[in-house]
Each structure stands twice: as structure tokens, then as C-alpha cells.
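Anchor point for the sequence shown: position 269 equals 270 in my numbering, and the numbering is continuous, going up by one each time.
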Amino acid sequence: MSKKCQKCKKDYAINRFTCAEKPDKVYANCHDCRLKLVTLKNKCNVCGIGASYNYEGVKTGVRCQSHKEPEMVNVKSKMCEKCAKKRAYFNSIGFIKPLLCVDCKLPDMIDVNHRLQICQTCKKKKPVFNYKDEKTGIMCGDCKLPNMIDVVSKKCQTCNKKRPYFNYETEIKALFCGDCKLQNMVDIIHNKCQKCNKKRPVFNFQGYTKPIMCTDCKEIDMINILNKLCQNCEKTQPCFNYPGEKVPIMCTECKLENMVNVKTRMCQTCKKKQPYFNYDGQKIGIFCQDCKEPDMIDVKSIICKEKGCRKRATHAFVGVTKEYCASHKKPGMILNSRKKCIGHGDDDCKNNAIYGLTEPLHCANHAFEDEYDLSENQCKNCKKIDVLNKNGLCVNFCSLEERDLIMKKHVKKREEFINRLLDEEISTKPYSKDEVIDRNCSKKRPDRVYHLGSHVVILEVDENQHKSYKCTAYGDTKEGRLKGEAIRMFEIFQSFDGVPCIFIRYNPDNFTNKDGKNVKITQSKRHDILIRWVKRCMRMVDTSGLIVKYLFYDGHDDTDSVFNEIKEEDVL
2 MSKKCQKCKK DYAINRFTCA EKPDKVYANC HDCRLKLVTL KNKCNVCGIG ASYNYEGVKT
62 GVRCQSHKEP EMVNVKSKMC EKCAKKRAYF NSIGFIKPLL CVDCKLPDMI DVNHRLQICQ
122 TCKKKKPVFN YKDEKTGIMC GDCKLPNMID VVSKKCQTCN KKRPYFNYET EIKALFCGDC
182 KLQNMVDIIH NKCQKCNKKR PVFNFQGYTK PIMCTDCKEI DMINILNKLC QNCEKTQPCF
242 NYPGEKVPIM CTECKLENMV NVKTRMCQTC KKKQPYFNYD GQKIGIFCQD CKEPDMIDVK
302 SIICKEKGCR KRATHAFVGV TKEYCASHKK PGMILNSRKK CIGHGDDDCK NNAIYGLTEP
362 LHCANHAFED EYDLSENQCK NCKKIDVLNK NGLCVNFCSL EERDLIMKKH VKKREEFINR
422 LLDEEISTKP YSKDEVIDRN CSKKRPDRVY HLGSHVVILE VDENQHKSYK CTAYGDTKEG
482 RLKGEAIRMF EIFQSFDGVP CIFIRYNPDN FTNKDGKNVK ITQSKRHDIL IRWVKRCMRM
542 VDTSGLIVKY LFYDGHDDTD SVFNEIKEED VL
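In C-alpha cells, the structure reads:
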């Protein structure tokens with residue numbers, strides 16, 4: 002591979018633009034042109050380029066910045082008159098000669114070394130903004146006018162908006178931004194982690210100023226030295242300060258009373274919550290969930306790829322960024338798809354985790370015997386997409402093994418909570434909990450059954466309204482799922498030899514009202530309503546046939562006391 006020298010404009014092999022002491026750095030000029038740029042007395046005696054460093058008291062440079070010795074200082078550039086450590090750039094307006102460095106400068110001082118390159122308004126920062134088609138910046142980012150754009154920085158070849166950082170690994174010049182990069186392109190501008198050589202480093206040991214490790218590869222005692230840290234704990238990035246301030250100084254745990262988040266953009270209306278919502282086609286959220294307008298959608302979160310679905314994506318195949326919501330997840334997908342294996346003890350495993358009980362913790366090599374593969378697949382018996390045991394049966398519906406009951410407890414936490422709640426609030430003991438009623442009629446297992454002699458009350462906890470459940474016999478539409486659920490309830494009804502049955506289908510998750518808007522309701526109110534309905538149904542001794550009441554399903558209305566009746570002809 003060849004490269005053109007910016008000085009002599011000749012093409013040379015790439016090794017003419019590097020030096021043996023620093024083989025990873027590629028210079029803009031060839032080796033011969035770099036030697037011509039310096040005089041003999043100021044040439045680095047290691048690599049031959051311009052030398053500015055020597056021991057204090059000597060005026061001739063003998064080493065460049067890359068090859069200087071620890072005790073060497075810059076003897077060529079004018080140093081700060083106060084600290085004598087850093088280069089002087091600043092002086093008062095009207096002066097040409099710099100006196101102080103950036104740390105020692107006085108409030109009214111400006112950069113006089115670059116006095117022709119300062120913002121026309123504030124006279125402090127470097128100008129990079131101007132109107133379109135202009136080539137010279139006249140204002141900084143704080144002072145720019147509404148229609149001004151960055152005319153100085155190089156732009157992405159595709160969108161012509163963002164700065165480019167990406168190209169193929171063997172290339173030197175960045176061409177694309179993060180949004181427009183092509184497959185297999187990498188960031189060739191920023192330094193890489195010394196271990197994985199993939200991600201940008203931000204971690205090193207305390208006392209060092211140069212980051213060497215990324216988040217995944219960092220060692221135990223390393224800290225984030227690239228980003229500013231909380232003034233109190235010096236461990237976490239700060240987000241909080243007092244209202245009116247712009248620079249965060251405290252993290253969430255260390256924040257003082259009356260401090261607010263000054264780093265994150267907040268809702269334009271309430272100024273309290275993060276904004277996720279805007280009109281379709283926009284990319285920046287301006288309103289939170291509570292303050293959004295009726296036609297606004299979530300423009301910040303990753304949305305389910307299923308056509309017509311606007312839910313947040315939560316599932317994906319192992320190692321892939323989340324793509325589908327819980328309702329449209331595909332066989333083999335998993336929650337927390339990019340989580341890494343925690344290994345055993347001091348094991349440094351970076352494989353994707355898919356085994357665990359409540360969350361993926363281990364890869365196949367480090368999985369314990371009692372852990373499950375949490376990537377959900379189709380049960381070979383009922384065809385539902387769920388966590389399967391080693392026999393290919395879903396642990397929530399088809400498996401009868403005692404070992405799988407442990408997993409079922411983890412998967413159905415909300416169902417267990419409802420059971421405990423009813424045990425405390427209702428004195429009548431349940432006839433059964435998650436058990437088969439009559440194997441000769443049906444192997445279905447209702448969640449909670451009260452057999453009152455005159456009639457039977459059955460409670461089913463339907464997480465997410467059972468939208469994620471598939472009905473292969475009648476299709477995956479809403480009507481198909483309802484048909485399958487009706488058949489299931491009728492089979493359970495037949496298990497009680499014709500005794501009247503009342504089903505309560507309780508949804509513990511989000512739901513919408515008749516207008517399609519999300520309904521906010523506290524858990525305590527949900528539980529009170531559920532208990533009242535259970536007690537009411539237990540008193541309905543004159544009921545007949547099979548009826549069902551849906552609680553907190555889409556379209557739920559607290560004032561609606563009507564039951565849905567399921568007849569034999571409805572399930573044929």
C-alpha cells in the first residue's frame with residue numbers, strides 16, 4: 002500500500018511514513034521531507050524529526066515529544082510565566098505576546114497565539130461555525146446563529162453532517178461517521194484498548210493520565226480517567242449540580258439537596274424527566290411520557306422491527322443488539338442479549354451469557370448444572386415460545402418435572418406475589434394452585450382455583466395479556482389467541498363435571514383505555530380491585546355455565562361489571 006507525501010507530493014511505500022520507534026504512527030510527510038523541515042541543531046537524535054525537548058537550562062532541542070526523557074522539558078516554546086510548566090497561549094486583549102497557560106490565565110485573557118482564529122462574538126473560543134458554502138469559521142459553538150453549520154471540520158462522505166471516524170482497518174483516512182459506516186469498518190481515529198484492540202479506552206490506574214483499557218477489558222482497580230468524575234467519590238461520572246449551573250459536579254449517589262440533573266436533556270414541559278417522545282420523523286425527544294402530545298411517538302428507544310409495532314425492543318439473538326419486543330420475539334432470542342459471561346472466580350471470560358435462572362450469567366462453558374438456557378424457543382408439545390428444559394418442553398406449561406418447578410418460580414414472580422396477596426386477604430383456602438384438575442379431561446393447569454361447592458372461581462395471571470403466546474391452530478392474530486384461550490378455559494370447565502365456573506383473567510402489566518392511551522394505575526389500586534372482584538365472584542352462588550371477566554386488559558373500564566359468556570358453540 003502506498004501513500005502520497007503532503008510536502009513533495011510523491012507516492013512512497015507506507016513504511017516511508019513511519020519510524021522504527023513508533024511503528025503505529027503514520028506521518029503526513031515522508032521521512033526525507035520530515036528531515037528537511039528541521040535544522041541540524043534541533044533534530045531529534047532518535048527519529049530525526051523536529052526536537053523541542055532537552056534538560057532544563059539547555060536551549061537546543063535534542064528530542065521530540067515522543068522520545069523525550071522523563072526529566073526533559075520543552076526548551077523551544079515560550080512557557081507560562083507563572084507555573085513555568087505549560088506553553089503560554091494567553092494574554093489580555095490587545096497584546097500579541099503570550100504570558101500564561103490555560104490553567105493560569107486570568108478571566109479576561111484570550112488566546113493570542115491564535116488571535117486571528119477566535120470567535121467574533123465572545124473572543125474566547127475557536128470559531129468553526131458559519132453559514133453554508135462559507136469556508137472560514139467566524140463563531141464558536143456557544144455563539145453560533147440558528148442557521149450556521151460547522152464549516153471547518155471534515156464531514157462524512159455520505160450524510161455530509163457528522164465528523165468521520167470510520168474506514169476499513171488498513172486505511173489511514175476516515176471517510177464515514179458512526180451512522181453511515183459500512184460493514185467491517187472500524188474507528189481509525191481514536192486510540193484502541195490495549196487488550197481487545199476494538200473499543201476506545203477510558204480506564205487506567207489512579208495517577209495515570211492516559212487511558213489504556215476499555216470498559217470490558219479493564220482490571221479491578223482501574224478507574225475512568227478520560228471523563229470527569231464526581232467531586233465527592235471520584236468514581237462515577239457526575240450529572241448533578243444546582244439549578245442554573247451547566248457543569249455537573251456530583252453523581253447520583255453523592256448529590257446534595259436541591260441539586261438537579263444538568264447534564265441530561267430534560268422534558269421541555271416538566272423539566273424533570275428525560276424526553277423520549279417527539280413527532281414521527283424527528284430524532285430528538287422533547288417530551289416525557291407524561292407530557293407528550295397525542296400524536297407523538299418514542300423516537301429515542303430502539304423500536305421493535307415488526308411491521309406496525311411501536312413497542313420498545315427487548316429481545317434479540319445472542320450477541321446482537323435488541324431487535325424485537327416480547328410480543329414479536331423469534332425462537333432463539335433472549336433478553337439481555339449482549340450480556341457477557343461472569344465466569345468462575347478469576348476466570349476472564351468474554352463470551353456471551355445465555356445460561357442462568359432469572360438473568361443470563363454464564364456461557365455454555367461456565368454454566369452450572371441447575372441453570373437453564375434462557376434463549377426462548379418453541380416448545381415441542383404446546384408450540385409456545387418459552388424457556389425450555391433439556392427435553393424441549395416449556396417450563397411454564399408442559400414440563401411436569403419437579404426440577405423445573407424451581408425455574409417456574411423464577412419466571413412467574415408476579416404470579417407468586419398475587420398468590421401470597423390472596424392468601425393474606427382471603428380466608429378461603431384455594432382448591433388448587435397451578436395443578437392439573439382431571440388428567441382424563443385436560444392437562445391444563447389453572448393458576449389458582451376456589452371450589453365453593455355451588456360454583457368454581459378460577460384466577461389466571463396473564464402477564465402482558467398473553468400477547469406473546471402463539472396459537473398455531475387459529476393463527477397469531479388477536480382473534481386467534483382469544484379463540485385458543487377460550488378453548489383452554491372450556492377444557493378446564495369440563496374438568497369440573499359441569500359445575501359453573503367463573504374465570505378472572507388478571508393482567509399485571511401495562512394496558513390501554515378505550516381511546517388507545519396508556520393507563521397509569523398504582524399497584525395497590527390494582528390489587529384492591531382484584532381482591533374485590535375475587536370476593537364478589539365467590540359470592541355469586543346463582544351463576545351458571547362458563548363466564549369470564551378480563552381485568553386490566555386493553556379497553557378496561559372500572560365501571561364495567563359485565564361478564565363474557567363462553568358457550569360450547571364458541572369453541573367448536
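Where a beta carbon is used, it is the ideal one built from N, C-alpha and C, also for glycine.
This structure is a prediction, so every number in the text was calculated from the model and none was measured.
* Asked: Do the CB positions of Lys87 and Ser53 come within less than 7 Å of each other?
  -> It is not a contact, given that the beta carbons lie outside the stated cut-off.
* Excluding sequence positions up to five away, which residues of its chain have a Cβ less than 8 Å from the Cβ of Asn55? -> For Asn55, where only same-chain residues beyond five positions count, the Cβ hits under 8 Å are Thr61, Gly62, Val63, Arg64, Met73, Val74 and Val76.
* Asked: With a CB to CB cut of under 8 Å and the five nearest residues on each side skipped, what residues in its chain are close to Val113?
  -> Excluding sequence neighbours, Val113 sits near Tyr90, Phe91, Asn92, Phe96, Ile97, Lys98 and Pro99.
* **Nonlocal neighbours in the same chain, by C-beta distance under 8 Å from Thr577, ignoring five residues either side** => No answer is possible for residue 577: it lies beyond the span of the chain, which begins at 2 and ends at 573.
* So, Leu336 versus Thr359, is the Cβ gap smaller than 7 Å? -> With a cutoff of 7 Å on beta-carbon distance, Leu336 and Thr359 are scored as not near each other.
* To do: Please determine, among Gln238, Tyr277 and Glu258, the residue with the shortest C-alpha to C-alpha distance to Lys264.
  => Taking only the C-alpha atoms, the option nearest Lys264 is Gln238.
* Which two residues bound the contiguous alpha helix (DSSP H) that contains Lys4? -> Lys4 -> not in any alpha helix (DSSP H); beta strand (DSSP E) instead, spanning Ser3 to Lys5.
* The beta strand (DSSP E) enclosing Lys550, as first and last residue numbers -> From DSSP, the beta strand (DSSP E) with Lys550 extends over Leu547 to Leu552.
* To do: Might you give, ordered along the chain, the residues of its own chain that have their beta carbon closer than 6 Å to the beta carbon of Tyr28, omitting 5 neighbours on each side?
  => Contacts found: Phe18.
* To do: Have a look at Ser525 and Pro509 and give me their C-alpha separation to the nearest angstrom.
  => The alpha-carbon atoms of Ser525 and Pro509 are separated by roughly 11 Å.
* To do: Determine the burial state of Arg266: buried for a count of at least 16 other Cβ atoms within 10 Å of its Cβ, exposed for fewer.
  => Here Arg266 is exposed. Its C-beta has fewer than 16 other C-beta atoms within 10 Å.
* Asked: Are there three or more Cβ pairs, one per stretch, closer than 8 Å when the stretch 433-441 is compared with the stretch 459-468?
  -> Too few Cβ pairs lie closer than 8 Å, so no.
* Asked: Which term fits Leu183, buried or exposed, when burial requires 16 or more other beta carbons within 10 angstroms of its beta carbon?
  -> Burial call: exposed.
* Going by beta carbon distance, what residues of the same chain come within less than 7 Å of Met260, once the five residues before and after it are set aside? -> Cβ neighbours of Met260 beyond the five flanking positions: Phe241, Asn242, Tyr243 and Met251.
* Under the three-state reduction of DSSP, which class applies to Thr473: helix, strand or coil? -> Confidence is the limiting factor: at Thr473 the pLDDT is only 49, short of 50, which leaves the residue's position unreliable, though a coordinate-based value still follows. Thr473 falls in the coil class under three-state DSSP.
* Asked: Quick one: what does DSSP say Ala52 is sitting in, helix, strand or coil?
  -> If DSSP states are grouped into helix, strand and coil, Ala52 belongs with coil.
* Asked: Name the DSSP bridge partner or partners of Ser433?
  -> Val450, per the DSSP bridge assignment.
* Helix, strand or coil at Met140 according to DSSP, with G and I counted as helix -> Met140 falls in the strand class under three-state DSSP.
* Start and end of the beta strand (DSSP E) containing Phe494? -> Bounds of any beta strand (DSSP E) do not take in Phe494; it lies within the alpha helix (DSSP H) bounded by Lys479 to Gln495.
* Between the beta-carbon of Ala487 and the beta-carbon of Val572, is there less than 7 Å? -> The criterion of a C-beta distance shorter than 7 Å is satisfied by Ala487 and Val572.
* Which term fits Ala327, buried or exposed, when burial requires 16 or more other beta carbons within 10 angstroms of its beta carbon? -> Looking at its Cβ environment, which holds 16 or more other Cβ atoms inside 10 Å, Ala327 is buried.
* Asked: Can you tell me the Cα-Cα spacing of Asp424 and Met539, whole angstroms?
  -> Inter-residue distance for Asp424 and Met539 is about 15 Å (C-alpha atoms, whole angstroms).
* C-alpha gap between Tyr13 and Ile173, whole angstroms -> Rounded to the nearest angstrom, the two C-alpha atoms are 14 Å apart.
* For Met80, name the three-state secondary structure that DSSP assigns. => Strand at Met80.
* Does the beta-carbon of Leu422 have 16 or more other beta-carbons within 10 angstroms, so that it is buried, or is it exposed? -> Under this definition Leu422 is an exposed residue.
* **Cα-Cα separation, Glu570 to Phe418** => Cα to Cα, the separation comes out at about 36 Å.
* Taking the alpha-carbon positions, what's the Ile213 to Asn228 distance? -> Those two C-alpha atoms are separated by around 13 Å.
* Asked: Less than 7 Å separating the beta-carbons of Lys196 and Cys218?
  -> Their beta carbons are under 7 Å apart, which means Lys196 touches Cys218 by this criterion.
* Asked: Ordered along the chain, which non-local residues of its own chain (more than five positions away) have a Cβ less than 6 Å from that of His363?
  -> Here the set comprises Cys342, Ala354 and Tyr356.
* To do: Using three-state DSSP, classify Asp112 as helix, strand or coil.
  => Three-state result, Asp112: strand.
* Buried or exposed: where does Thr40 fall if 16 or more other Cβ atoms within 10 Å of its Cβ makes it buried? -> Here the model assigns Thr40 a pLDDT of 46, short of 50, so the residue's position is not dependable and the matter cannot be decided.
* To do: With a threshold of 16 other CB atoms inside 10 Å of the CB of Ile548, please say whether the residue is buried or exposed.
  => Taking every protein chain shown into account, the CB of Ile548 has 16 or more other CB atoms within 10 angstroms, so this residue is buried.
* **Stretch-stretch touch, CB-based, cutoff 8 Å, three pairs: the stretch 505-522 with the stretch 550-568** => Between the stretch 505-522 and the stretch 550-568 there are three or more inter-stretch CB-CB distances shorter than 8 Å, so the stretches are counted as touching.
* Rounded straight-line distance, which links the Cα of Ser496 to that of Ser428 -> Distance between Ser428 and Ser496, taken at the CA atoms: about 25 Å.
* What first and last residue would you give for the beta strand (DSSP E) that runs through His363? -> DSSP places His363 in the uninterrupted beta strand (DSSP E) bounded by Pro361 to His363.
* To do: Go through its chain and collect everything with a Cβ distance to Met149's Cβ below 8 Å, but skip five positions before and after it.
  => Only Phe130, Asn131, Tyr132 and Met140 meet the Cβ criterion.
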